[in-house]
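When we follow numbering that gives the first Met the number 0, the leftmost residue of the sequence shown carries the number 0, and every step to the right adds one.
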Amino acid sequence: MYLRRCWVLLTTAIGLVSAQTRLNLNNYLQPDSVTRQQYLTPSRSSNLCARQCVAGEAPKICYYKWIAENYVTLGPACGNCPTNATACDEWGCVVANGYEKSILTINRMVPGPSIQVCLGDRIIIDLQNNIAGGQLSIHWHGVFQKGTQYMDGVPMVTQCSIHEGDAFRYDFYAANEGTHYWHSHDGLQKLDGIQGTLVVRTPKSTDANGNRYDVDVPEHTLMILDWMNTTAEERFPGLTRREPGQLPSTFLLNGRGRPKLEAGQERGPLVPYNEVWMERGKRFRLRFVAALCTVCGVQISIEAHDMTLIATDGTPVNPVNIKSVQLFSGERYDVVVNANQSPGTYWIHMRGLGECAFPEEQVYQLAVLRYTGTNQARNDPPGYDGFGIDGTVLNPQNASCDVGQGGVCVSQLVGSIPDDKNVLSRKPDVNIVFRFGFHIFENMRETFNTGRYERFFVAPDRAVLTSWMNNISFATPPSPLLSQGPDVPSEMFCPTGRSGFPQCPASTANEEYCECIYVVKVPLGAVVQMVVGDLSPVADLHHPFHLHGYDFFVMAMDQFRNGETLESISKKLLDTNFRRSSLPARKDTITVPSNGYAAFRFRADNPGLWFFHCHFLYHVATGMAVVIQVGNDGDWPPVPRKFPKCGNYLPTPYLDDYTDWNSRG
0 MYLRRCWVLL TTAIGLVSAQ TRLNLNNYLQ PDSVTRQQYL TPSRSSNLCA RQCVAGEAPK
60 ICYYKWIAEN YVTLGPACGN CPTNATACDE WGCVVANGYE KSILTINRMV PGPSIQVCLG
120 DRIIIDLQNN IAGGQLSIHW HGVFQKGTQY MDGVPMVTQC SIHEGDAFRY DFYAANEGTH
180 YWHSHDGLQK LDGIQGTLVV RTPKSTDANG NRYDVDVPEH TLMILDWMNT TAEERFPGLT
240 RREPGQLPST FLLNGRGRPK LEAGQERGPL VPYNEVWMER GKRFRLRFVA ALCTVCGVQI
300 SIEAHDMTLI ATDGTPVNPV NIKSVQLFSG ERYDVVVNAN QSPGTYWIHM RGLGECAFPE
360 EQVYQLAVLR YTGTNQARND PPGYDGFGID GTVLNPQNAS CDVGQGGVCV SQLVGSIPDD
420 KNVLSRKPDV NIVFRFGFHI FENMRETFNT GRYERFFVAP DRAVLTSWMN NISFATPPSP
480 LLSQGPDVPS EMFCPTGRSG FPQCPASTAN EEYCECIYVV KVPLGAVVQM VVGDLSPVAD
540 LHHPFHLHGY DFFVMAMDQF RNGETLESIS KKLLDTNFRR SSLPARKDTI TVPSNGYAAF
600 RFRADNPGLW FFHCHFLYHV ATGMAVVIQV GNDGDWPPVP RKFPKCGNYL PTPYLDDYTD
660 WNSRG
């Protein structure tokens, strides 16, 4: 009943249409991209949702038509690109890193169409799936979907996958501000191109850091992708005789970048660098989106320019001056760059972290910061090490933030939004500890024996692994839990143990891990603390975890020290005074240090079924995930009318099932 009231109130508050008013959606159709000129000076009759937000303005309806399909880089639309740089800008030309490759796209773009709206707007997307033999769903990363839970886009948790030839309408409100993004949540598709940005702005006058910048335009939303020269499926479960593992070939900024030169290669395709334009004397807001899929983070710096952090994962923070920022999959950081240098061109440098920093890899990418009114030639491109990065590093790997280490961890940031839900001033009602790691298949003869079909992937060292949380590898349900929960066989769920939390079935007591549908139940309205710890023996992996439906206060993050355990850290965190910030920042994605932990709190006031998972694509594909159930089905909104259904078809067979039919001759 709680959420049904919320649903009605939200619709009424927006005040767009009544339940009886049918919309002609074509009147609200949005373009795939918006130029700076269109954004800054729209026509009076414009229905553009990508606009400068104004206090008191009525919300808009923002309608998008999307086609998902198989596509190709450097295809027929590209002409003689990259030899002719102008041809690379033709509509439908996906350049990537200059190598031909089969990809998946929305509207023949990588990244896909950018959604740029104002707080309170209604977003409607009609998604037509034309992928041959493929299925997909789209998750709106960072959008809480409070009241629109069925739109969260997680296959077999909130909806059925959209099959080839089918269309699905996503319909939700831009109810929480900030830099977000969207991506396929089905299979490995986002690594092959199905993702794009989603920005929800507020009027500058109501932005907590609105006085820190002069210019905020759509083109300064910068999406960093990791990119392979092969399709993502070619690396899953993985090769053992050549190119083991799933490391990227390069990074792309807004879909472009030069390739990494292989051994003996002197020159690769001269792909035009992505250019970011600024006017001298003004302060520009840049929105970095880490649309990464593999295990490598990325460190970003700008030649001769400092940055000021003003927001992370959509929520404002007290400003912090930094020289560089390290981003991991799913994270977003908004910074301000003061264009106060001599007019010219400067490098934007992105270098890989973790395994991408190994001497034999050293994956990096460049883009160009160019001042308006100058055609100055670029300096020689720096290599992996760039132009030297001194000064403060935001979000350093392994939480290297002690005095003298030159880093600022997200647990040290001070939020700009007060604790209006009374989360920090009391002990949590629910304390959940999640360990995560891998099961290593060592006996190949036993693992690949007849009748055993465990999921696995091949790591760079050729180890055969599967992923788990609390020794449970998440099993995909046959029907969506939110809309068809009773259709899912009860024996597929993990049983509840003495602790009140799910555990592996008794039948797997002698196994090191199990596969079942892992659902942790949380009372509606409870204050929840989660402590997530890395128990993997693999070094240099910094796992980012994303919680759907919420953001949370970051309480602590560090590597284990002096014999600390997850249990001891969890007990210490029950003390309300144990935190490193007077008002912790809010995030929806947090990176756990290698051999370390991260802890956060939130009030469970958004009922539904919310996926919580590692954001490394091949890890979640092999089970490093759990569903957080907040409240019960009576607290959830009703299933939308004519909502698609799917599931098993396993009727009881009888000996004479087809006798009558066959006897007809």
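Note that CB positions come from ideal geometry on N, CA and C, so glycine has one too. Computed from a prediction, not measured in an experiment: that's the story for all the values here.
| Item | Value |
| --- | --- |
| Kindly indicate which three-state DSSP category A231 falls into: helix, strand or coil? | helix |
| Beta-carbon separation of Q115 and C48 under 8 Å? | yes |
| Would you tell me roughly how many angstroms separate the C-alpha atoms of R161 and D305, rounded to the nearest one? | According to the sequence displayed, residue 161 carries Ile and not Arg. If I take the Cα positions, the gap works out to 44 Å. |
| Does the distance from the CB of I321 to the CB of L308 come in under 8 Å? | yes |
| Using a Cβ-Cβ cut-off of 6 Å (strictly less than) and excluding sequence neighbours within five positions of R240, which residues of its own chain qualify? | none |
| If we ignore side chains and look at the alpha-carbon of each, how far apart do G296 and N208 end up? | 27 Å |
| Here's the rule: buried if 16 or more other CB atoms are within 10 angstroms of the residue's CB, otherwise exposed. What is P636? | buried |
| Would you give the residue range spanned by the alpha helix (DSSP H) that Y512 belongs to? | First-last for Y512: undefined, no H or E at that position. |
| Count the other C-beta atoms from every protein chain shown that fall within 10 angstroms of the C-beta of M529, then say buried if there are 16 or more, exposed otherwise. | buried |
| Do you know offhand how far D379's Cα is from P75's? | 32 Å |
| Am I right that N273 and S248 are in contact with their C-beta atoms under 8 Å? What's the rounded C-beta distance? | Not confirmed; about 17 Å, so no contact. |
| For a test of your reading of the model: does the CB of H162 fall under 7 Å from any non-hydrogen atom of the ligand SAH? Yes or no. | Here there are no bound small molecules, and the ligand SAH is not part of this structure. |
| Compare the beta carbon distance of G254 and G244 with 8 Å and say whether it is the shorter of the two. | no |
| Please report the distance separating the alpha-carbon of S472 from that of A54. | 47 Å |
| In terms of residue numbering, what span does the beta strand (DSSP E) encompassing T307 cover? | 306-311 |
| Output the distance between the C-alpha atoms of R4 and P592, rounded to the nearest integer angstrom. | Per-residue confidence for R4 stands at a pLDDT of 38, beneath the threshold of 50, marking its modelled position as unreliable; the derived number appears in the next sentence. For R4 and P592, the distance between alpha carbons rounds to 41 Å. |
| According to DSSP, is C61 part of a helix, a strand, or is it coil? | strand |
| Under a Cβ-count criterion, where at least 16 other Cβ atoms within 10 Å of its own Cβ denotes burial, should N129 be classed as buried or exposed? | exposed |
| For the putative contact between D428 and V526, defined by C-beta atoms under 8 Å, what is the C-beta separation to the nearest angstrom? | 5 Å |
| Thinking G436 and S535 are a contact (beta carbons under 8 Å), I'd like their distance in whole angstroms, please. | 4 Å |
| How big is the Cα-Cα spacing for G405 and S415? | 23 Å |
| How would you label K586, buried or exposed, when you count the other beta carbons within 10 angstroms and need 16 or more for buried? | buried |
| Using beta-carbon positions only, say whether T178 and V198 come within less than 8 Å of one another. | yes |
| Considering only residues of the same chain and omitting the five flanking positions on each side of V519, which have a CB-CB separation below 8 Å? | I431, F500, P501, V625, V626, I627, Q628 |
| Can you tell me whether W90 is buried or exposed? The criterion is at least 16 other CB atoms within 10 Å of its CB, across all chains shown. | exposed |
| Under three-state DSSP, which class holds Q325? | strand |
| Please list the terminal residues of the continuous alpha helix (DSSP H) segment that includes R444. | 443-446 |
| Who are the Cβ neighbours of P202 in its own chain at under 7 Å, not counting the five residues just before and after it? | C52, V53, A54 |
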